[in-house]
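Numbering (the working numbering), first residue to last: 11 to 571.
Notes to accompany the following structure.
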């Protein structure tokens with residue numbers, strides 16, 4: 011039986027290290043699925059399993075733990091950046107600017123409350139207290155990437171014996187999850203909100219925003235002014251966005267382009283915004299019934315997946331679908347969102363395009379686009395590691411700031427995150443195929459996260475009892491609760507009273523600001539519409555970036571003096 015003992019006690023053994031991580035991660039993930047009061051901690055429970063392992067002496071060499079921690083963090087934040095990159099800059103619409111402004115204010119308030127608690131409750135002469143409060147901050151806002159960024163920055167400031175801030179994170183995290191939901195519920199009563207009224211408001215907004223809904227028209231040209239006019243002239247005169255996918259002239263069906271000439275009694279198939287339908291009907295002619303299947307050139311509609319890497323980055327205009335291929339593209343779906351098929355829209359691998367035209371022409375375009383779903387099942391590993399290489403180099407660039415003890419670096423958290431966002435958004439411009447299936451992204455991201463959490467927990471476990479149970483553990487818990495709830499109560503009330511946002515949108519915005527999926531799940535359970543998800547996705551990219559960036563700024567500015 012000595013071989014079993016050696017596996018569990020020989021910390022230099024590869025088998026021991028693999029066994030350690032496997033046990034910690036497996037136990038943490040399984041326990042994380044257990045719900046307390048209807049809420050589970052998810053994979054974050056891996057941190058607590060690691061703390062227990064470290065506390066009982068089930069550990070590994072520090073250099074191995076550090077490598078696994080840093081590699082997991084790099085993989086985690088890079089995949090987050092790839093996920094949020096495509097929508098990062100598009101999230102700043104009219105309402106998006108306000109929501110992101112509120113989210114930014116909440117993040118700054120979290121930091122302000124943290125410093126307030128630090129100066130009120132803790133001994134400021136102890137150099138370990140402020141780093142521990144940084145860990146408490148990121149446990150309170152349930153943001154693991156921020157913990158990783160702060161931890162990495164601390165290692166650059168404290169060349170020897172950097173503080174283990176995971177203890178503060180562990181103290182604040184459980185109550186942080188509950189505090190986010192509890193404070194959001196409190197806003198409902200502070201502002202006198204009724205769910206039925208909020209649902210009614212969302213329905214009214216949906217009706218008011220009818221322009222975003224696609225609408226199909228079948229019209230007959232009866233306006234004599236249109237005789238002899240081209241499609242482009244009609245489009246410019248109307249000043250409305252519409253796509254004419256088919257035209258029936260003298261019994262022949264064809265795919266129109268910008269130079270197609272209109273004649274009286276032509277029959278058209280048009281896709282437009284619902285709000286524009288009335289104006290288009292009034293200008294072109296009345297709606298009629300058309301049986302396109304009875305025409306001499308039957309048309310088909312097909313959704314095609316772009317999987318040919320050579321198409322990546324080419325705009326719809328450069329593809330000349332109507333003039334060269336004889337088809338029209340009426341819709342582009344990217345990451346589950348329908349986009350208007352404008353000539354300037356660049357195609358990306360993974361896009362799904364709706365093509366209308368003769369069956370043989372559609373078949374040719376299908377072959378050109380690739381339309382091979384199995385190609386999308388494997389992640390583009392080369393792009394991921396090219397991005398990580400650039401991210402690490404970028405994160406290692408020093409920026410000297412007067413008064414700072416060391417040059418500022420974005421580090422292995424900030425550098426890969428920024429590069430991943432840029433590659434996710436603009437990678438097609440340099441022919442990088444950035445598409446990764448949601449499942450592949452989640453798998454790589456979760457592997458990185460559990461490696462990071464397990465490593466941090468094991469390293470922090472040795473001193474956890476002395477730091478938390480025999481030390482200031484209750485103060486960290488109380489401080490974390492204040493850091494969680496005060497900004498939510500302030501920003502949530504302002505969002506409602508000042509900016510009149512729907513309560514469900516506010517719930518999603520707050521969940522996104524704290525990057526907290528359980529809070530979003532709770533909001534979705536209360537609302538039949540997509541308002542919580544919209545609020546969450548609008549602020550999530552910027553919030554994630556700011557959480558990681560401010561973590562390093564706090565450490566470098568205030569913990570290195």
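Even for Gly, the Cβ is constructed at its ideal location relative to N, Cα and C.
Because the structure is a prediction, the values reported are computed rather than measured.
Residue range of the alpha helix (DSSP H) that includes residue i
i: residue 282; result: No alpha helix (DSSP H) holds residue 282; the beta strand (DSSP E) holding it covers 277-283.
i: residue 495; result: 483-507
i: residue 166; result: 154-167
i: residue 139; result: 139-150
i: residue 231; result: Where residue 231 is concerned, there is no enclosing alpha helix (DSSP H), given that its DSSP letter is neither H nor E.
i: residue 437; result: First-last for residue 437: undefined, no H or E at that position.
i: residue 402; result: 391-405
i: residue 513; result: 513-523
i: residue 132; result: Neither: residue 132 is in no alpha helix (DSSP H) and is coded neither H nor E.
Span of the beta strand (DSSP E), counted from its first residue to its last, around residue i
i: residue 443; result: No beta strand (DSSP E) contains residue 443, which DSSP labels as neither H nor E.
i: residue 376; result: First-last for residue 376: 369-379, but that is the alpha helix (DSSP H), not the beta strand (DSSP E).
i: residue 331; result: Careful: residue 331 lies outside any beta strand (DSSP E) and carries neither H nor E.
i: residue 258; result: 252-259
i: residue 339; result: 338-344
i: residue 177; result: Element bounds for residue 177: not the beta strand (DSSP E) but the alpha helix (DSSP H), 176-200.
i: residue 314; result: 309-315
Which of helix, strand or coil DSSP assigns to residue i
i: residue 127; result: helix
i: residue 356; result: strand
i: residue 572; result: In the structure as shown, the chain starts at 11 and stops at 571, and residue 572 therefore has no counterpart that could be examined.
i: residue 30; result: helix
i: residue 14; result: helix
i: residue 273; result: coil
i: residue 244; result: helix
i: residue 68; result: coil
i: residue 221; result: Interpretation of residue 221 is limited by its pLDDT of 36, a score under 50 that renders its predicted location unreliable; the figure taken from the coordinates is listed afterwards. Reduced to three states, the DSSP call for residue 221 is helix.
i: residue 288; result: helix
i: residue 203; result: coil
i: residue 44; result: coil
i: residue 297; result: strand
i: residue 304; result: Low per-residue confidence applies at residue 304: pLDDT is 49, beneath 50, and the placement is therefore not dependable, though the value from the model is reported in the following sentence. Three-state result, residue 304: helix.
Any chain C beta carbon closer than 8 Å to residue i
i: residue 23; result: Given the protein chain composition of this structure (a single chain), no chain C is represented.
Own chain partners of residue i with C-beta closer than 6 Å, once the 5 adjacent residues on each side are dropped
i: residue 222; result: Caution applies to residue 222, whose pLDDT of 46 falls short of 50 and renders its modelled position unreliable; the model cannot decide the point.
i: residue 18; result: none
i: residue 269; result: 240
i: residue 404; result: 425 and 429
i: residue 357; result: 316, 321 and 324
i: residue 26; result: 17 and 20
i: residue 31; result: 464
i: residue 311; result: 366
Contacting residues, own chain, Cβ-Cβ under 8 Å from residue i (five flanking each side not counted)
i: residue 529; result: 187, 190, 191, 194, 517, 520 and 521
i: residue 282; result: 224, 225, 227, 250, 251, 252, 253 and 290
i: residue 496; result: 119 and 123
i: residue 93; result: 434, 451 and 455
i: residue 84; result: 398, 401, 402, 422, 423, 426 and 458
i: residue 220; result: Note on residue 220: pLDDT 40, under 50, position unreliable in the model; no value is reported.
Contacting residues, own chain, Cβ-Cβ under 7 Å from residue i (five flanking each side not counted)
i: residue 180; result: 57, 58, 61 and 149
i: residue 155; result: 86, 87, 90, 423, 554, 557 and 558
i: residue 304; result: A caution first: residue 304 carries a pLDDT of 49, below 50, which makes its placement in the model too unreliable to give a value.
At least three beta-carbon pairs within less than 8 Å, the region 509-518 to the region 143-163: no
Given 8 Å, three or more beta-carbon pairs between the region 336-345 and the region 285-298: no
Meets three-Cβ-pair contact criterion under 8 Å: the region 113-126 and the region 456-471: Judged by Cβ distances under 8 Å, the region 113-126 makes no contact with the region 456-471, as fewer than three pairs qualify.
Given 8 Å, three or more beta-carbon pairs between the region 81-97 and the region 430-448: At 8 Å Cβ cutoff, the stretches touch.
The region 427-442 in contact with the region 64-76 per 3-pair CB rule at 8 Å: At 8 Å Cβ cutoff, the stretches do not touch.
At least 3 beta-carbon pairs within less than 8 Å: the region 128-141 vs the region 395-402: no
Inter-stretch contact (C-beta, 8 Å, three-pair minimum) for the region 480-489 and the region 76-86: no
Three-pair Cβ contact test at 8 Å for the region 421-432 versus the region 553-562: Contact between the region 421-432 and the region 553-562 is present, because at least three Cβ pairs lie under 8 Å.
The region 198-205 / the region 159-167 touching (three or more Cβ pairs under 8 Å): no
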